[in-house]
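Here's the structure we're looking at; comments come further down.
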Amino acid sequence: MSGNFIRQPRAPLVILAVLLAATAGMLAVEAARLPEIVAVHFGGGGEPDGWVERSAHLLCSAFLGFVLPLVPAGSMVLALRLPVKFINLPNKAHWLAPERRAETQRWMIRHMFWLGCLLACLHLFAQGMILAANAQTPPRLAGSLVLGLTGGFLAAAATWVMVFWRRFARVPQG
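For what it's worth, the working numbering labels the leading residue of the sequence shown as 954, then goes sequentially.
In structure tokens form, the structure reads like this:
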């Protein structure tokens, strides 16, 4: 994808739709491949220490996979309906001035959809790790994958925060 696509207003919606379709696919794969009792929590050594029935796991996974990615944008839509005094934003007098408010709101909601994409990716990778762990006998989670997933998510979340902060931390001159 080119950088220009990433900046398009609909890009996070398109990517989120693809990720939600991937979530549906992951659920179908999990329904077919997971055992009746699924290892879902693992100790430091990768050994399972928490189990649930497959149906409960799939229900929880569906909720997290489809609802959690939509929460950031949905909550931002609701938050932006609040009076300005309740919105915590750097330089909010500038960014929420009547002549800029609509564009600021569009940017913030789009940015929250990017956060939804990040959460959808986290969920998909975590579900892939659970699927891989349960494909082994006995189930075992690869610690290096957990560290990689955690590190990647934290780096992406830090980047997301920095982009948000840079957008609103300074008032443009001129």
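Every residue, glycine too, gets a C-beta built ideally from N, C-alpha and C.
If you're wondering where the values come from, they're calculated on a predicted model, not measured in any experiment.
When DSSP builds the beta bridges, which residues end up paired with residue i?
i            : result
residue 1006 : 990
residue 995  : 1001
With DSSP run on the structure shown, which of helix, strand or coil describes residue i?
i            : result
residue 1043 : coil
residue 1090 : coil
residue 963  : coil
residue 1123 : coil
residue 954  : With a pLDDT of only 47 at residue 954, under 50, the local geometry of the prediction cannot be trusted, and no value is derived from it.
residue 1050 : coil
residue 1020 : coil
residue 1025 : helix
residue 980  : helix
residue 1059 : helix
residue 1128 : No statement about residue 1128 is possible, as the shown extent of the chain runs from 954 to 1127 and does not include it.
residue 1072 : helix
Going by Cα to Cα distance, which pick from the options is closest to residue i?
i            : options                : result
residue 1010 : 1091, 1111, 986, 1038  : 986
residue 1101 : 1086, 1024, 1045, 1082 : 1082
residue 1090 : 999, 1045, 1066, 1076  : 999
residue 1079 : 1106, 1112, 964        : 1106
residue 1120 : 1042, 1084, 1085       : 1042
residue 1001 : 1115, 1086, 1071, 1104 : 1086
residue 1122 : 1020, 1113, 1045, 1062 : 1045
residue 1071 : 1034, 992, 1104, 1125  : 1104
residue 1053 : 968, 962, 1124, 967    : 1124
residue 991  : 1051, 1026, 1018, 1013 : 1013
residue 1034 : 1055, 1108, 969        : 1055
residue 1021 : 1092, 1095, 1067       : 1067
Can you say whether residue i is buried or exposed, counting buried as having 16 or more other CB atoms within 10 angstroms of its CB?
i            : result
residue 1097 : exposed
residue 1118 : exposed
residue 1073 : buried
residue 976  : buried
residue 994  : exposed
residue 971  : exposed
residue 1065 : buried
residue 1026 : buried
With a cut-off of 8 angstroms on the beta carbons, I'd call residue i and residue j a contact; round off their distance for me.
i            : j            : result
residue 980  : residue 1015 : 6 angstroms
residue 962  : residue 1063 : 6 angstroms
residue 1084 : residue 1006 : About 16 angstroms separates the two Cβ atoms, so there is no contact after all.
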